[in-house]
Amino acid sequence: MIRRAVLLALLASVATVGHPVMAQTHAPDPLPLTPAAFPPFRETVLPNGTRLIVVENHRLPVLSISLSFSAGRVADPAGKEGLAEMAGGLLTKGAGRRSANQVAEAIERVGGAVNAGAGTEFLTVSAGSLSKDAALAFELVGDAVVRPSFDSTEIGLMRTQTLSSLDLERSQPGSIANRILDGMLFGNHPYARHATPASVKAISRADLIAFQKARLKPAGALLVVAGDMSLAQATTLATKVFRGWTGAPAPLPPPRALPTRAGTDIVLVHRPGSVQSNILAANLTYRPGDPRHYAAVVANRVIGDGADSRLFKILREQKSWTYGAYSALERRRATGHFVASTEVRTEVTDSALAEMLRQLRRIGAEPVLAEELAAAKSAITGSYPLNVQTAEQVAGAVTNVRLYGLGRDYLQTYRVKIGAVTGADVQAAARALIRPDAMAIVVVGDGAKILEGLKKIGPVSVVDVDGKPLAESDLNPAPQSLPVALGQLVASRDSFVIKIQGNQLGWSATTVEDIPEGKRLTEHTNIGGFVEQQTIVDIAADGAMLKVRQTGKTQGQPTAIELDYAAGRVKGKANTVTQDGPKTLTIDTTVTTGTIDDNAIQGLLPALPWNPNATWSFTTFSGGQNEAKVTTLKVVATEAVTLPGGPVDAFKVEMSGGWQGATFWVTTASPHRLVKIAIANTPVEIIRVK
Amino acid sequence: MRRFAALTAALLWPLVVAGQVLPRIPVETYRLDNGLQVILSPDHSSQVVTVNIWFNAGSRNEVRGRTGFAHLFEHMMFQGSANVKKGDHFALVERAGGQTNASTAEDRTNYFEMLPSNRLNLGLWLEADRMRSLAVTDSALANQREAVKEERRLRVDNQPYTAAFFEGIYALQDSTTCFPYAHSVIGSMADLNAAGTGDVKAFFDLYYAPNNATLVIAGDFDRGQAKAMVTEYFGTIPRGSEAPAVTCDVRFGTGQIRKPWPDQKATLPGVFIAYRVPQYADPDYPAVVLLASILGQGESSRLNKSVVREKKLAQAAFAFLNPSAPRRGPGVFLAGTIANQNVTAETIETAVMAQIASLAKDGVTPDELDKAKNGYLANKIQQQQISYFLAEAIQEATLFLGDPNGVNTDPARYLAVTVDDIRRVAARYFVPDNSLVMLVTPAGAR
Chain A
0 MIRRAVLLAL LASVATVGHP VMAQTHAPDP LPLTPAAFPP FRETVLPNGT
50 RLIVVENHRL PVLSISLSFS AGRVADPAGK EGLAEMAGGL LTKGAGRRSA
100 NQVAEAIERV GGAVNAGAGT EFLTVSAGSL SKDAALAFEL VGDAVVRPSF
150 DSTEIGLMRT QTLSSLDLER SQPGSIANRI LDGMLFGNHP YARHATPASV
200 KAISRADLIA FQKARLKPAG ALLVVAGDMS LAQATTLATK VFRGWTGAPA
250 PLPPPRALPT RAGTDIVLVH RPGSVQSNIL AANLTYRPGD PRHYAAVVAN
300 RVIGDGADSR LFKILREQKS WTYGAYSALE RRRATGHFVA STEVRTEVTD
350 SALAEMLRQL RRIGAEPVLA EELAAAKSAI TGSYPLNVQT AEQVAGAVTN
400 VRLYGLGRDY LQTYRVKIGA VTGADVQAAA RALIRPDAMA IVVVGDGAKI
450 LEGLKKIGPV SVVDVDGKPL AESDLNPAPQ SLPVALGQLV ASRDSFVIKI
500 QGNQLGWSAT TVEDIPEGKR LTEHTNIGGF VEQQTIVDIA ADGAMLKVRQ
550 TGKTQGQPTA IELDYAAGRV KGKANTVTQD GPKTLTIDTT VTTGTIDDNA
600 IQGLLPALPW NPNATWSFTT FSGGQNEAKV TTLKVVATEA VTLPGGPVDA
650 FKVEMSGGWQ GATFWVTTAS PHRLVKIAIA NTPVEIIRVK
Chain B
0 MRRFAALTAA LLWPLVVAGQ VLPRIPVETY RLDNGLQVIL SPDHSSQVVT
50 VNIWFNAGSR NEVRGRTGFA HLFEHMMFQG SANVKKGDHF ALVERAGGQT
100 NASTAEDRTN YFEMLPSNRL NLGLWLEADR MRSLAVTDSA LANQREAVKE
150 ERRLRVDNQP YTAAFFEGIY ALQDSTTCFP YAHSVIGSMA DLNAAGTGDV
200 KAFFDLYYAP NNATLVIAGD FDRGQAKAMV TEYFGTIPRG SEAPAVTCDV
250 RFGTGQIRKP WPDQKATLPG VFIAYRVPQY ADPDYPAVVL LASILGQGES
300 SRLNKSVVRE KKLAQAAFAF LNPSAPRRGP GVFLAGTIAN QNVTAETIET
350 AVMAQIASLA KDGVTPDELD KAKNGYLANK IQQQQISYFL AEAIQEATLF
400 LGDPNGVNTD PARYLAVTVD DIRRVAARYF VPDNSLVMLV TPAGAR
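So, in structure tokens, the structure goes:
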């Protein structure tokens, strides 16, 4: 058989694996389709002022309910950020005659779900079930908004979980990027504010109850029912579960001014070890209802909404820099914003951002191609049948129109208005609404590797994952020799207890001995049978490393390190426990002068010249990793530490840049003693007892 | 493969769910001469139609040194064919107002187009063109290799916890006796780098032939018109040779594996516990599915009530089967939690293990089992609302039960599960000797 491949390869240098030619060589033309009107829905206003909308559809015996209020986080009082989100989350954790467990049992027993939560603008309680269980679904929604318990135990649990999830967000580059972007875009406007550990801890039960009483009122609320139910049935059920619930919500605080931005600024969020950079580039746009919206939607489609867009085709398909690159028009009541986003591998961060900005300039500067315009418009209008497949999708679209005040005929006329957008409209909207020369740009990545490239694009300020400013020198500290005064280490023995969540689970003992070459530091550690380890480090009189001998067990696996430092090299072997089981490393590598073995750091702390501004960066070598890194010790505070013998003043010293972060407390008084250690991101604390 | 369809259909039809009849899904099955299996499931409640093809190929078909290849190949399916330029597959579908994508799992690779119903012809034509004449160039392969590597960085290497999911669970199988299920779908960077166009062509010839594929059309279409289009577009694609069989020596209870999992991206400890479980068609499988629901799905699940709410040890707890898709080989049951602040991984492990042990020791209540069944059935009804999910359900029944009508009959297997069944499978599979424990500890250098 002569393969099509051979011919094609000759003609177009395309090797095709394949078979006899397809008779039809062009994509087939569309078949006829009867244009469908937006699905009908019915609405009424209940006597208590709640608007009820019903999208009736009896194809399947299912039903969904959503009840929305203007009660999002935007109205959280200063210092109590997180109030709306916490209150929303608690509405289903005990309400009416049911405890939290009983609410969950009741709805899950019938294969349904009930949820409540607050976003930026709105708080929504929703439920879904088979239609035979409609009465239960209505009852649970009614109880949640009118009769929530705000049980103290549930509040405590919610607070714990919220604090932990804030911590979790700090580990997720996408969450970090969005939080920093909100700060850049919205300045002092409440849109920029987010829950913090302190604000979450400040929210009391009284605050939650007051929130519910003030904000969750029937007047102006929106109840939307979709599926196997009529308006009459929905009215009857709603009237029953909301009986006695009346009134209007307290007015929202007056709107704050939104900041204006004169130029493009880049905030680099330093996340050491990131293998990708998350990039967001954004600017504010317009309020809901702006007539430029339709042209903006088409422009956004051309730039970055989908795989048929410029950003995706260039950054992914041409350049291979990313798995995806997109843009979006976000909608909020006070203003929308445009945001372009991608995640790229670290090495191409600046190239990708520069290309992204080039494309954002191009859309305003050049007329959009006729073919692109037609493709964008047909994609938007053509997707209509997919967007109204289910009653729930229809209900969601109607809800958005009502909550954002988009106009009564928005959904019915949407396709016609998109169809009327011209190329000139697109360019004008893009020029006015996408401003690459006045953008807020956030890049989350490994600052040491990407800062220089970003500086060529715009002014860069560097922060850590919490948004705290960093100096450039914090990114890539130049290693020095640690100013060790070995004479400060006198022969001694110290005992420590190891606490996990406040419970003593182990102990550690350290000794300093004089040996002919210099000093010998010995550490013996035992943690509840999980870890048992003895380490000996010999150090020359001039502070140079001589040898390390470590033996022990971690979770039942033997570990051992034997290292000898001499003549600018370190040689030896390390048996360690990794994800893939025990591993033996043979070590033979050069080390720079002044390199400290990671096992020696703790023992050398008393021999350093501490002061409130002390900061040292130096090279450390880890036998377990067979790798050298620059580690930084920095005094961040002076504070009292409570020891069994009473309080002592200590420098709080943060160690960063190595394999495991830690905080040390070293007495301010000389001779300096190490009195406490906290291992970063763990509940482990080590405290000196003797 | 054992067949349940005939048996269960005779036992119990129609299915009645707490007073509601489970709506019957129409299923018409036939084969083209070239071996392509075609399944039609019309429903005219919306103007949407889904074209959905499953190839009987996935990471289980990969050979040593080429892990991640089935997924890389999936990307190549969007790089053009005789009549479709590189990138135009996405463009043509999006311009039609549709959605298209694909995904790779251990046992299958799926491709779909969800379209306005007047564009059924476009979806069928696009799928036929690439099944007939996929374009394979060095530049497209190099480009997609990088895209896949970025996907790996995005989902695995730059995220906390996910490596335990995407890669850790494969340690449950012994790669010497069951390589097909002992390596990850995402694959290794080294293997991705090693793949060449020769590999792509060989994989296409072996696995992407019509006789190794099933086409489902679900939603708003005319049967006669659809059949004519299927014949026109797919009918002349030649049959391929039979793909080699996949072998795996399935063993349960071969000893606990413990993996310390230092994670530089994590800020809180986490615990992921996995068990070897039987395949989809196994008589024990429905009980395992319902056990997962009772243990770790929903607010009123055992793990949520005890570990999250009562003991306050974790932010959330979950349990589910087979993170990517069901399997015809040994399955994976995964239970996991991410700790609250100041809670150690060991503490959560103890608490989760105690809950799992009690399933065999004390059993579950009839109420718990009813709840799990109702959740299962409500989910079956909900998924009929969108033609894509319905098409996927039909494909699942076809590949894993050998019977497209299993989409209608298989729920009977789940309704027949008793509390004794749950206890029996708990004692058989959910024992320490059959588990893999991954303790994630933050190892941040921040």
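So the protein lines, in turn, are chains A and B. The numbering of the first sequence is numbering that gives the first Met the number 0, which starts it at 0 and goes up by one. The numbering of the second sequence is numbering that gives the first Met the number 0, which starts it at 0 and goes up by one. Note that CB positions come from ideal geometry on N, CA and C, so glycine has one too. Model, not experiment: these values are computed from the prediction.
query                                                                                                             : result
Helix, strand or coil at Gln503(A) according to DSSP, with G and I counted as helix                               : strand
For Lys765(A), three-class secondary structure by DSSP                                                            : In the structure displayed, chain A extends from 0 to 689; residue 765(A) sits before or after that span and is not available.
Cβ-based burial, Asp408(A) [other Cβ within 10 Å; buried from 16]                                                 : exposed
Three-state secondary structure assigned by DSSP to Ala285(A)                                                     : One detail in the question is off: residue 285(A) reads as Tyr in this sequence, not Ala. Reduced to three states, the DSSP call for Tyr285(A) is coil.
Rounded C-alpha distance that separates Ala315(B) from Thr364(B)                                                  : 23 Å
DSSP bridge partner residues for Thr666(A) (one or two, in chain order)                                           : Ala649(A)
Contacts of Ser44(B) in chain A (Cβ-Cβ under 7 Å)                                                                 : Arg58
Positions along the stretch 312–328 of chain A whose CB lies within less than 9 Å of some CB in chain B           : Lys312, Arg315, Glu316, Gln317, Lys318, Ser319, Trp320, Thr321, Tyr322 and Gly323
Val44(A) burial status per 10 Å Cβ neighbour count (16 or more: buried)                                           : exposed
Best match in Phe54(B), Leu21(B) and Met188(B) for proximity to Glu241(B) [C-alpha to C-alpha]                    : Phe54(B)
Proximal residues to Gly330(B) (C-beta, below 7 Å), its chain only, five neighbours per side dropped              : Val276, Pro277, Gln278, Leu320 and Asn321
Delimiting residues of the alpha helix (DSSP H) encompassing Glu391(A)                                            : Ala390 to Tyr403
Among Val83(B), Ala90(B) and Asp106(B), nearest to Ser132(B) - alpha-carbon criterion                             : Val83(B)
Own chain residues within Cβ distance below 8 Å of Arg672(A), not counting five before or after                   : Asp493, Pro605, Val665, Thr666 and Arg687
Three-state secondary structure assigned by DSSP to Met437(B)                                                     : strand
Buried or exposed by the 16-neighbour rule on C-beta atoms within 10 Å, applied to Gly406(A)                      : exposed
Integer Cβ distance of Asn157(B) from Pro271(A), believed to fall under 8 Å                                       : About 12 Å; that fails the 8 Å criterion.
Beta-ladder partner(s) of Met113(B), from DSSP                                                                    : Thr49(B) and Gln98(B)
DSSP bridge partner residues for Thr654(A) (one or two, in chain order)                                           : For the sequence presented, residue 654(A) should be read as Met rather than Thr. The partner list for Met654(A) (beta bridge, DSSP) reads Leu632(A) and Ala661(A).
Cβ-based contacts, 8 Å cut-off: residues of the stretch 360–392 of chain B near chain A                           : Asp366, Asp369, Lys370, Asn373, Gly374, Tyr375, Leu376, Ala377, Asn378, Ile380, Gln381, Gln383, Gln384, Ile385 and Ser386
Coarse secondary structure for Lys570(A), derived from DSSP in three states                                       : strand
Proximal chain B residues relative to Val274(A), where beta-carbon distance stays under 8 Å                       : Arg152, Asp156 and Asn157
Any 3 or more C-beta pairs closer than 8 Å across the stretch 226–240 of chain B and the stretch 27–36 of chain B : yes
Cβ-Cβ distance between Gly363(A) and Thr341(A) below 8 Å                                                          : no
Thr619(A), enclosing beta strand (DSSP E) - first and last residue                                                : Thr614 to Ser621
Exposure label - Ala411(B); buried when at least 16 CB within 10 Å                                                : buried
Segments of 4+ residues assigned as alpha helix (DSSP H) that fall wholly inside the stretch 183–210 of chain A   : 196–201
Range of the contiguous alpha helix (DSSP H) that encloses Phe399(B)                                              : Ser386 to Leu400
Per-residue contacts from Gly111(A) into chain B (C-beta, under 8 Å)                                              : Ala377
Contacts of Leu267(B) in chain A (Cβ-Cβ under 7 Å)                                                                : Ser163, Asp166 and Leu167
Burial state of Ser12(A), where buried means 16 or more other Cβ atoms lie within 10 Å                            : Low per-residue confidence applies at Ser12(A): pLDDT is 33, beneath 50, and the placement is therefore not dependable enough to give any value.
Interface residues of the stretch 639–667 of chain A facing chain B [CB-CB below 9 Å]                             : Ser655, Gly656, Gly657, Trp658, Gln659 and Gly660
Three-way DSSP call (helix, strand, coil) for Pro384(A) in this model                                             : helix
Bridge-paired residues (DSSP) for Asp513(A)                                                                       : Lys518(A)
Contact check, Arg59(B) vs Pro179(B), beta carbons under 8 Å                                                      : yes
Buried versus exposed, by CB contacts within 10 Å (16 or more), Glu367(B)                                         : buried
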